[in-house]
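Engineer: All the letters of the sequence shown, read from the start, carry residue numbers 1 to 402 under UniProt numbering.
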Amino acid sequence: MNKIIIPALAFTLTACGGGGSGTPSTPNADNGGNVETVAPAFNNDHLKVINADYARNRSIGGAGVTVAIIDSGVNVDHNEFAGKTLNQNSGSYVSAINAYTFDEIEEMGLSGLDLYQPVYTGAQEDVFGHGTHVASMTWGENVGVAPEAGVIMMDVYATTNPDSLAAKGLISDLATMSVEFINASLTGVDYYENSEFINERPLYEGLETAGMGFIVAAGNFGLDMTETFLTNPVNCGDLSETERQDNLTCTFIFDATSVDLLAKDAELADNFLWVGAVDNNGQPAEFLLAGGTEAGTNVPGSDADIQARWISAPGSAVDGAFFDTNTDYLRVSGTSQAAPLVTGAAALVKGQFPTLSNVAVMQILLDTADSSFSAYDPTIHGQGILDIEAALSIDPANYEAL
């Protein structure tokens, strides 16, 4: 079934850093763009773009499937979550290196990957706004994809920015909690350091051993990920250290010999998806970063391995739950909004075909992504735009071997 394309709405946007922060003054390290309060009205045109009505009309809501959302917490009292209860494993966490003083770390003998250990700091609570909006894309009754799924909310925002070390450290814990899919609308979790100083790969082994799917927002710096991660470092050798740190100036950010992408790891790639953002016309989403800098969704570029683990979903002017009230909505742009739509879709497919592996479910989403529209470009859209109707219409027998 071809996708229904909804014309983009005309509205005035207020520039804001972050993918779902509640006010223009609230910063956020990830994925984010424009924020506008549209309370209390909302639209859910983003669901039409991905044919989500196919599931809603058949009462397919992701029941029996557990997803984990690693973010800033969620306001569960919002109307979007009426009658819903978070999984008891939800909580707030910070990495050991950020939880303790250097003297305490030395006294405890912590080093290496011990510093990533998530330290429980109490019940989850969204005081920054990002997580509530993200959660509503997966779990919301009106604007979400899988309102019947079970949700574990892992709050890793000890400050205004996420603790990516805690996010990586939590993967091992989630592997013991019967989680099918993890959503991470965070930067810095789609690769692992592998150098003489630290090897982060063991932190990701729980994905494979527990068979979990890891769905990650691609980011909003308008980068070509092939160039960003795979370009020869000599291309930036003549730049100053300041210029090296400016990822809008120098396309080579990381030393390719010490950083490995999950998308290019032969053993982990099948458990991983990158999600880019498109507008309601299938074009790559564009937005403003903090300070008015023009940017847009990151794109896969020419590398076939990156394209193979890349799917696109709506991330332009998306209405979702506002954390600071129980009735209001925010209109936000960013890959942070696109990723949880894909996570919700994974829950729908898993709930409909529970005997299939989570790896198979991820492959179904990729195989059925819509690439039939005239503007389709694998260097921009990866495998295409999420299509829930197509994903739920497959013959599960074709995926039993995965």
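All C-beta atoms in this analysis are idealised placements derived from N, C-alpha and C, irrespective of residue type, glycine included. Keep in mind it's a predicted model, so treat the numbers as computed, not measured.
(1) In angstroms with no decimal places, state the Cα-to-Cα distance between Gly-222 and Asp-367.
(2) Could you check whether the region 343-358 touches the region 55-74, counting it as contact only if at least three pairs of C-beta atoms, one from each stretch, sit closer than 8 Å?
(3) If you follow the beta strand (DSSP E) that Ser-95 is part of, which residue opens it and which one closes it?
(4) If we ignore side chains and look at the alpha-carbon of each, how far apart do residue 474 and Asn-280 end up?
(5) Can you tell me whether Ser-92 is buried or exposed, with buried defined as 16 or more other CB within 10 angstroms of its CB?
(6) Can Gly-129 and Asp-324 be called in contact, C-beta distance under 8 Å?
(7) By how many angstroms is the C-alpha of Ile-69 removed from the C-alpha of Ala-135?
(8) Quick check on Asp-395: does DSSP put it in helix, strand or coil?
(9) Short of 6 Å in beta carbon distance, which residues of its chain neighbour Met-177, apart from the five on each side in sequence? Order them along the chain.
(10) Between the region 377-393 and the region 354-369, do at least 3 Cβ pairs fall closer than 8 Å?
(11) Assuming Val-275 and Ala-285 make a contact with CB atoms under 8 Å, what is their CB distance in whole Å?
(12) Taking only the alpha-carbon atoms, compute the straight-line gap between Leu-402 and Gln-283 and give it to the nearest angstrom.
(13) Would you call Ser-393 buried or exposed, if buried means 16 or more other Cβ atoms sit within 10 Å of its Cβ?
(14) Tell me the residue span of the beta strand (DSSP E) that contains Val-278.
(15) Going straight from the alpha carbon of Leu-330 to that of Asn-51, what length do you get?
(16) Using a 10 Å radius around the Cβ and a threshold of 16 neighbouring Cβ atoms, would you call Met-108 buried or exposed?
(17) If you draw a straight line from the alpha carbon of Ser-111 to that of Phe-42, how long is it in whole angstroms?
(18) Let me check understanding here. Comparing Cα to Cα, which of Asn-98, Thr-209, Ala-263 and Asn-326 lies closest to Gln-307?
(19) Measure how close the beta-carbons of residue 463 and Glu-200 come, nearest whole angstrom, since I'm counting them as under 8 Å.
(20) Per DSSP, Tyr-116 forms a beta bridge with which residues?
(21) Select from Ala-167, Glu-180, Met-212 and Thr-209 the residue whose C-alpha is nearest the C-alpha of Gly-191.
(22) By Cβ distance below 7 Å, which residues in the same chain neighbour Thr-23 in space, the five residues on each side in sequence not counted?
(23) Assess contact between the region 140-156 and the region 346-365, defined as three or more Cβ pairs (one per stretch) separated by less than 8 Å. Is contact present?
(24) Taking the CB atoms as reference points, tell me whether Ser-95 and Leu-113 lie closer together than 8 Å.
(25) Could you tell me the distance, in whole angstroms, from the CA atom of Ala-321 to the CA atom of Asp-103?
(26) Give me the Cα-Cα distance between Thr-132 and Gly-73, rounded to the nearest whole angstrom.
(27) Determine the burial state of Thr-327: buried for a count of at least 16 other Cβ atoms within 10 Å of its Cβ, exposed for fewer.
(28) Do Ala-295 and Ser-312 have their beta-carbon atoms positioned less than 8 Å apart in this structure?
(29) Quick check on DSSP: helix, strand or coil for Val-74?
(30) Run through DSSP, which three-state label would Ser-312 get?
(31) Which of helix, strand or coil does DSSP assign to Val-127?
(32) How big is the Cα-Cα spacing for Glu-193 and Asp-265?
(33) Which residue spans inside the region 292-380 form an unbroken beta strand (DSSP E) run of at least 3?
(34) Which runs of the alpha helix (DSSP H) at least 4 residues long sit entirely within the region 149-195? Give them in chain order.
(35) Can you check DSSP and say which residues form a bridge with Gly-122?
(36) Would you kindly work out how many angstroms separate the C-alpha atoms of Phe-99 and Asp-71, rounded to a whole number?
Structural biologist: From the atom records:
(1) Numbered from 1 along the sequence shown, position 222 holds the residue referred to as residue 222. Numbered from 1 along the sequence shown, position 367 holds the residue referred to as residue 367. Gly-222 and Asp-367: Cα-Cα distance of roughly 25 Å.
(2) Between the region 343-358 and the region 55-74 there are three or more inter-stretch CB-CB distances shorter than 8 Å, so the stretches are counted as touching.
(3) Here residue 95 refers to the residue found at position 95 of the sequence shown. From DSSP, the beta strand (DSSP E) with Ser-95 extends over 91-95.
(4) Nothing in the structure corresponds to residue 474, since the chain is present only between 1 and 402.
(5) By 1-based counting over the sequence shown, the position of residue 92 is 92. In summary, Ser-92 is buried, with 16 or more beta-carbon neighbours lying within 10 Å of its beta-carbon over all protein chains present.
(6) Along the sequence shown, one-based indexing puts residue 129 at 129. Along the sequence shown, one-based indexing puts residue 324 at 324. Closer than 8 Å, so yes.
(7) As a first step, residue 135 is located in the sequence shown; it is residue number 135 there, counting from the start. As a first step, residue 69 is located in the sequence shown; it is residue number 69 there, counting from the start. One C-alpha to the other measures close to 7 Å.
(8) Your numbering for residue 395 matches position 395 in the sequence shown. DSSP places Asp-395 in coil when its eight states are reduced to three.
(9) Within the sequence shown, residue 177 is the residue found at index 177, counting from 1. Cβ contact annotation for Met-177 (same chain, cutoff 6 Å, sequence separation greater than five): Asn-89, in chain order.
(10) yes
(11) Start at 1 with the first residue of the sequence shown, and residue 275 comes out as number 275. Start at 1 with the first residue of the sequence shown, and residue 285 comes out as number 285. The Cβ separation is near 11 Å, so there is no contact.
(12) Here residue 402 is taken as the residue at index 402 of the sequence shown, counted from 1. Here residue 283 is taken as the residue at index 283 of the sequence shown, counted from 1. The alpha-carbon separation between Leu-402 and Gln-283 amounts to approximately 32 Å.
(13) In the sequence shown, the residue the question calls residue 393 occupies position 393. Ser-393 comes out exposed.
(14) Start at 1 with the first residue of the sequence shown, and residue 278 comes out as number 278. Element bounds for Val-278: 272-278.
(15) For the purposes of this step, residue 330 is taken as residue 330 along the sequence shown, with counting starting at 1. For the purposes of this step, residue 51 is taken as residue 51 along the sequence shown, with counting starting at 1. Their backbone Cα atoms lie some 22 Å apart in a straight line.
(16) Residue numbering aside, residue 108 sits at position 108 when the sequence shown is read from its first letter. The residue in question, Met-108, is exposed, as its Cβ has fewer than 16 Cβ neighbours within 10 Å.
(17) Here residue 111 refers to the residue found at position 111 when the sequence shown is read from its first residue. Here residue 42 refers to the residue found at position 42 when the sequence shown is read from its first residue. Those two C-alpha atoms are separated by around 48 Å.
(18) What you label residue 307 is simply residue 307 of the sequence shown in a count that begins at 1. Selected option, being the one with the closest Cα: Ala-263.
(19) The structure shown does not extend to residue 463, since the chain spans only 1 to 402, so no value can be given for it.
(20) For this step, residue 116 is matched to residue 116 along the sequence shown. BP columns for Tyr-116 are empty, so no partner.
(21) The residue given as residue 191 occupies position 191 in the sequence shown. In the sequence under discussion, the amino acid at residue 191 is Tyr, which differs from the Gly named in the question. For the set Ala-167, Glu-180, Met-212 and Thr-209, the Cα lying nearest the Cα of Tyr-191 is the one of Ala-167.
(22) Numbered from its first residue, the sequence shown carries residue 23 at position 23. With a pLDDT of only 28 at Thr-23, under 50, the local geometry of the prediction cannot be trusted, and the value read off the model is given with reservation. Correct list: empty, nothing qualifies.
(23) yes
(24) In the sequence shown, residue 95 corresponds to position 95, counting from 1. In the sequence shown, residue 113 corresponds to position 113, counting from 1. Not closer than 8 Å, so no.
(25) Position 321 of the sequence shown, counted from the first residue, corresponds to residue 321. Position 103 of the sequence shown, counted from the first residue, corresponds to residue 103. Cα-Cα distance, rounded: 41 Å.
(26) Locating residue 132 in the sequence shown gives position 132, counting from the first residue. Locating residue 73 in the sequence shown gives position 73, counting from the first residue. Between Thr-132 and Gly-73, the C-alpha separation is close to 7 Å.
(27) On the sequence shown, position 327 is the one that residue 327 refers to. Around the beta-carbon of Thr-327, fewer than 16 other beta-carbon atoms lie within 10 Å, marking it exposed.
(28) For the purposes of this step, residue 312 is taken as residue 312 along the sequence shown, with counting starting at 1. For the purposes of this step, residue 295 is taken as residue 295 along the sequence shown, with counting starting at 1. Not closer than 8 Å, so no.
(29) Taking the sequence shown and counting its residues from 1, the one referred to as residue 74 is at position 74. Coil, per DSSP.
(30) Residue numbering aside, residue 312 sits at position 312 when the sequence shown is read from its first letter. In the structure shown, Ser-312 sits in a strand (DSSP, three-state: E or B).
(31) As a working note, residue 127 is residue 127 in the sequence shown. It is coil, neither helix nor strand.
(32) In the sequence shown, counting from the first residue as 1, residue 193 sits at position 193. In the sequence shown, counting from the first residue as 1, residue 265 sits at position 265. Answer to the nearest angstrom: the Cα atoms are 12 Å apart.
(33) 294-296, 310-314, 318-321 and 329-332
(34) 164-174
(35) Residue mapping note: residue 122 aligns to position 122 of the sequence shown, counting from 1. Per DSSP, Ser-92.
(36) As a working note, residue 99 is residue 99 in the sequence shown. As a working note, residue 71 is residue 71 in the sequence shown. It is worth fixing the name first, because residue 99 is Ala in this sequence and not Phe. Distance between the alpha carbons of Ala-99 and Asp-71: 17 Å.
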